[in-house]
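In this text, residue positions in the sequence shown follow my numbering: the first is 1, and each later residue adds one.
The beta-carbon is built from N, C-alpha and C at its ideal position, and this holds for glycine as well.
Below is one structure, written out as structure tokens, with a few remarks after it.
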Amino acid sequence: MPLSASLAISAFAELSQAIDLGTGRVPQSLSRSAQLTTGTGAGKADKVFSDRRTLAASGTEDLDLAGVLLDAFGAAITFVRIKGLFIAAAAGNTNNVVVGAAASNPWAALLSATGTVTLRPGAACGFLAGSADATAYAVTASTADLLKVANSGAGTSVTYDIHIVGASA
Numbered sequence: 001m002p003l004s005a006s007l008a009i010s011a012f013a014e015l016s017q018a019i020d021l022g023t024g025r026v027p028q029s030l031s032r033s034a035q036l037t038t039g040t041g042a043g044k045a046d047k048v049f050s051d052r053r054t055l056a057a058s059g060t061e062d063l064d065l066a067g068v069l070l071d072a073f074g075a076a077i078t079f080v081r082i083k084g085l086f087i088a089a090a091a092g093n094t095n096n097v098v099v100g101a102a103a104s105n106p107w108a109a110l111l112s113a114t115g116t117v118t119l120r121p122g123a124a125c126g127f128l129a130g131s132a133d134a135t136a137y138a139v140t141a142s143t144a145d146l147l148k149v150a151n152s153g154a155g156t157s158v159t160y161d162i163h164i165v166g167a168s169a
């Protein structure tokens, strides 16, 4: 099944200050992007998982990156390499969404086995491995394939969106 993907991360800021005869401005920007076509090598991907998910108060889930997640057509996905990962916490959440540090078999290629990222309500994070990189971030079935997502507190559920692009080899 053909896949094309466009992954991008960007930031822009502009400092300004009144000066004698006008306003001085210093624009600053940083952006990176990758265009991926069908395949498994450098500049290629053949698997994608995208979903809006909800966790109960104090709830957690382990997303199994090797063989359990389903694509948009209901087929099981086995990622061997992750090329891009984007997660966004809903702005209406009361609690934070915490990503990483599965109790067993953690996918540690990005955050290490115990590392986490905390997404406050409305926050998002993402990474892209880049189109020139064939290695990306490895997933090892049964030993390093679980991405934990947790609701940081009691009382209310949290909702988050997730988008993963990767390769099967």
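Unbroken beta strand (DSSP E) run spanning residue i, endpoints
i, result
"T114", "That residue, T114, is in no beta strand (DSSP E); it is neither H nor E in DSSP."
"V184", "Nothing in the structure corresponds to residue 184, since the chain is present only between 1 and 169."
Chain-order list of residues whose beta-carbon lies under 6 Å from that of residue i (same chain, five-residue window excluded)
i, result
"A11", "L30"
"A90", "T159"
"A34", "L7, L128, G130 and S131"
"S50", "H163"
Proximity of residue i and residue j at Cβ, strictly below 8 Å
i, j, result
"L128", "G84", "yes"
"V98", "T116", "yes"
"I87", "A124", "yes"
"S4", "N95", "no"
"V139", "W107", "yes"
Residue i, buried or exposed, once every other Cβ within 10 Å from all chains shown has been counted against 16
i, result
"A66", "buried"
"R183", "Since the displayed the chain opens at 1 and closes at 169, residue 183 lies outside it and no answer follows."
"G126", "exposed"
"A171", "One cannot answer for residue 171 here, as it falls past the ends of the chain, which runs 1 to 169."
"I19", "exposed"
Sequence-distant residues of its chain with Cβ nearer than 7 Å to residue i (five each side left out)
i, result
"K44", "L36, T37, T38 and A167"
"T175", "Because the chain here runs from 1 to 169, residue 175 falls outside it and cannot be looked at."
8 Å Cβ shell around residue i - same chain, five flanking residues per side excluded
i, result
"G155", "A57, T94 and N95"
"G92", "P121 and T159"
"A144", "N105, P106, W107, A108, A109 and A138"
Inter-residue CB distance, residue i and residue j (contact presumed, cutoff 8 Å)
i, j, result
"E61", "L55", "6 Å"
"S16", "G22", "That pair is no contact at about 10 Å."
"P27", "E14", "5 Å"
"T114", "A101", "5 Å"
Residue i at chain B interface by Cβ criterion, 8 Å
i, result
"R25", "Reference to chain B is not applicable here, since this structure consists of a single protein chain."
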